[in-house]
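One structure is given below, encoded as structure tokens.
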Amino acid sequence: MNTLFTTICAVSLLFISTVHVQAQTATPSPQPTTQTATEKLSDQINNLKEKIASRVAQLKLVEKRGLIGSVKEVSGTQLTVSDITIRNRIIDVDEITKFSSPSAKDSFGISDLKAGAKVSVVGLYNKDSERLLARFIDVVSVPTFISGTISGIDHEAFTVNVAMEEGKSYLVDIETVTRTTLYTDTTPEKAGFSKLEVGNRIVVVGYPDVREKDRMVATRILAFPSLPKNPNVVIAPSAVSEKGVSSTGSGKKLTPLTKPR
Amino acid sequence: MKAERIILSLIAIFVGLLVAGGGFYIYQMTKQIPQDKADTITIKSHATPTPRSNNYLVVDSPKDEAIVSSKTITISGKTVPKSTIIVSTESSDEVVEPAQSGSFSLTQTINDVSLISITAVFPDGTEQTVQKTVSYVTEEF
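The listed protein sequences correspond, in order, to chains A and B. Per the working numbering, the very first residue in the first sequence carries number 153; after that it's consecutive. Per the working numbering, the very first residue in the second sequence carries number 8; after that it's consecutive.
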């Protein structure tokens, strides 16, 4: 009997281990409280918590933003605008949205906006719905920036052909208002039309010709003759052309865009 | 006597379980699966990465579609060292070279609503352009 008891004890000791767990802090002893007062306070705290959480979520969800784009569609209190990345954006308009246009003589509103108009929209962007609640909508005129290589110069018509990446090309009109700057390094040097050469790398800032696609009127030209040629711009030998005689560099007189071509 | 029986039964069960477990373990270790019945499972640790170009232009500031309360803004970012950075707005241009680390920073004055074009011309002649829209608004809304 004794042997059996000893064996059982030995086997039990092998498989049984005791772990003592102690609380980090002493369990608070219950304090006498008025049940109704505690419940009321708890409700108030919970309500406040919910309100704060809701407001924080709202603040995180909505942010101020401003975009530029072309109006694609106007319907009721909603605009569809194609932004600079050619992405369609939904703009909501309400009674406090302010509209303006430099060409408008009287009041200007959503009904005056036409498809194709360039607008700047400032408002509250909802990250969840990805919609912008407009506060200010202004009709604007924004420049176009192009970067490429001169593939042709017409000294008579005062135009420059600019070849760009992906086979695109632009015909750029040089006007008397066009400011040309030459950069041999990072220092600007005032130049004229005559300083431009085929093969020069240029950046053109201007406004598109409303009558002709891929044609623009330059307000500024930045030429970089010392920068390496862009291997992604391929100029066909047939496209290279240089017509007329070099100008004095002052450019031609300002001509309207409606001139016969 | 009754307690002794119960205890002995428990010990017998325990010993039986140990023996059965040991037997099962030995069986599993020595078991051989024929090659034709074996399925191969391949776990890819990572998706195949898209090859990245060595040329890059990252503009940290300003954020696109940002609303600012000052007409003078800082344009900063990072690109390939020895590149040329051309920054153009509606009214002015700026040409800078990044630091040796490739980082660049400059200030520009903007109009009420400005489209900012930032072009990096890399040493190999290729280029990358980033455009940002920035609006100057002082009214609360």
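We put the beta carbon where it would ideally sit given N, CA and C, even for glycine.
Between I93 of chain B and G218 of chain A, the gap from beta carbon to beta carbon reaches 8 Å or more.
Going by DSSP, T37 of chain B is part of the alpha helix (DSSP H) stretching over K9 to T37. In the displayed model, A189 of chain A falls within a helix according to three-state DSSP.
When the five nearest sequence neighbours on each side are left out, the beta carbons in the same chain lying within less than 8 Å of the beta carbon of N61 of chain B are those of V87, in order along the chain. The count of Cβ pairs closer than 8 Å, one atom from the stretch 368-377 of chain A and one from the stretch 344-358 of chain A, reaches three, so the stretches are in contact. Along the stretch 30-45 of chain B, none of the residues has a CB nearer than 9 Å to a CB of chain A.
By the rule that beta-carbons nearer than 8 Å mark a contact, V137 of chain B does not touch chain A. For the stretch 39-105 of chain B, the full-length beta strand (DSSP E) segments reaching 3 residues or more read 64-68, 73-75, 79-86, 91-95 and 100-103 along the chain. Here L379 of chain A is buried: its Cβ has 16 or more other Cβ atoms, across all protein chains shown, within 10 Å.
Listed along chain B, the residues sitting closer than 8 Å to P383 of chain A by beta-carbon distance are D131, G132 and T133. A residue is called buried once 16 or more other Cβ atoms fall within 10 Å of its Cβ, and G300 of chain A is buried on that count. For K216 of chain A, the beta-bridge partners assigned by DSSP are A:L276. Not flagged as an interface residue toward chain A: V66 of chain B, since no C-beta distance is shorter than 8 Å. Here K89 of chain B is near P130 of chain B, since their CB atoms are less than 8 Å apart.
Taking 8 Å as the cut-off, the Cβ atoms of R287 of chain A and T249 of chain A count as close. In this structure, T136 of chain B sits away from S121 of chain B, with a CB-CB distance that is not shorter than 8 Å. Residue-level contact check: Y335 of chain A touches chain B, since one or more beta carbons of chain B fall below 8 Å from its beta carbon. Between T332 of chain A and G344 of chain A, the C-beta gap is smaller than 8 Å, which places the two residues in contact. Exclusion of the five residues before and after K216 of chain A leaves V274, G275, L276 and Y277 as the residues of its chain whose Cβ lies within less than 8 Å of its Cβ. Three or more Cβ pairs drawn from the stretch 256-275 of chain A and the stretch 223-237 of chain A lie within less than 8 Å of each other, which places the two stretches in contact. Taking C-beta separations shorter than 7 Å and ignoring five residues to either side along the sequence, the partners of V294 of chain A in its chain run I220 and K270, following chain order. Counting only Cβ-Cβ distances below 7 Å, V292 of chain A has contacts in chain B at V120, in chain order. Assigned with DSSP and collapsed to three states, K201 of chain A falls in helix. For K216 of chain A, the closest Cβ of chain B is nearer than 8 Å.
Per DSSP, reduced to three states, the secondary structure at D246 of chain A is coil, with no helix or strand assignment. Any Cβ of chain A closer than 8 Å to the Cβ of F148 of chain B would place that residue at the interface, and such an atom is present. Around the CB of D325 of chain A, 16 or more other CB atoms lie within 10 Å, so the residue is classed as buried.
Counting every other CB atom within 10 Å of its CB across the protein chains shown gives S255 of chain A a total below 16, marking it as exposed. Annotation: I14 of chain B to P41 of chain B spans about 45 Å, alpha carbon to alpha carbon. In this structure, T338 of chain A lies near V103 of chain B, with their beta-carbon atoms less than 8 Å apart. Approximately 6 Å separates the beta-carbon atoms of I80 of chain B and V141 of chain B; this is inside 8 Å, confirming the contact.
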